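Asker: Can you read through this structure? Questions will come right after.
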Amino acid sequence: MDDQKLADDVYAVQMNPETCACKTSLQVAYFVLDNAKYWYLNFIYNFMYKCFDMEKLHFVEGDTDSAYWAVSGDEDAGIIQQFKHVIKNQQFYDENAKFFFPTIEGDLLDEKKILGLAIEREGPEIIAPAPKNYYMK
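Shown next as structure tokens:
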């Protein structure tokens with residue numbers, strides 16, 4: 007381990023790993039990342055752009071398996087409103103939301119469906135200076 011004193015109470019510490027092991031083949035890792043990008047773009051361009059008013063949505067930050075959106079909905083409706091107030095094509099939403107979001111039944115298999123989405127958290131504000139580095143109130 008290397009360390010360097012920067013100030014009276016401040017040190018920079020760096021670990022020097024002796025070995026590194028990877029048990030996932032590179033082909034699998036690249037496939038997972040490419041597949042995640044494909045489904046991200048599929049959802050955004052083939053669903054969101056067709057049924058949501060994108061002037062009221064702002065992409066805040068995302069990772070391989072998550073996306074955080076700022077939604078400008080109805081201020082009087084509270085923070086738990088999901089996408090209800092930004093739908094511009096209700097018929098398209100009603101016909102296609104079941105392919106992306108959990109249905110009204112809400113069972114575990116439906117919520118954890120392969121390539122499905124789930125709204126895990128809602129809040130009045132989010133600060134995201136970098137990927138995997140965010141604060142949601």
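Letter by letter, the sequence shown follows residues 7 to 143 in the numbering used here.
For glycine and all other residues, C-beta sits at the position ideal for the given N, C-alpha and C.
Note that the coordinates shown come from a computational prediction; the quantities given were computed from them, not determined experimentally.
(1) Whole angstroms is fine: what's the gap from residue 171's alpha carbon to residue 139's?
(2) Residue 106 by DSSP, collapsed to three states: which one?
(3) Report back the beta-carbon spacing between residue 100 and residue 91 to the nearest angstrom; my notes put them in contact at under 8 Å.
(4) Anyone know if the C-beta pair for residue 82 and residue 137 falls short of 8 Å?
(5) Straight-line CA distance for residue 143 to residue 94?
(6) Look at the alpha carbon of residue 73 and the alpha carbon of residue 86, and state the distance between them as a whole number of angstroms.
(7) Apply the 10 Å Cβ neighbour rule to residue 57 and answer buried if 16 or more other Cβ atoms are within range, or exposed otherwise.
(8) Taking the beta strand (DSSP E) that residue 74 belongs to, which residues open and close that run?
(9) Return the first residue and the last residue of the beta strand (DSSP E) that residue 139 is part of.
(10) By the three-class DSSP mapping on this structure, what secondary structure does residue 50 have?
(11) Quick one: using the 10 Å Cβ neighbour count with 16 as the cut-off for buried, is residue 135 buried or exposed?
(12) Ends of the beta strand (DSSP E) at residue 62?
(13) Around the C-beta of residue 130, are 16 or more other C-beta atoms found within 10 angstroms, so that it is buried, or is it exposed?
(14) According to the neighbour-count rule (16 or more other Cβ atoms, all chains shown, within 10 Å of its Cβ), is residue 89 buried or exposed?
Answerer: The short version:
(1) Outside the modelled stretch of the chain, which goes from 7 to 143, sits residue 171, for which no answer is possible.
(2) coil
(3) Not really, about 16 Å apart at Cβ, beyond 8 Å.
(4) no
(5) 28 Å
(6) 17 Å
(7) buried
(8) 72-77
(9) 139-142
(10) helix
(11) exposed
(12) First-last for residue 62: undefined, no H or E at that position.
(13) exposed
(14) buried
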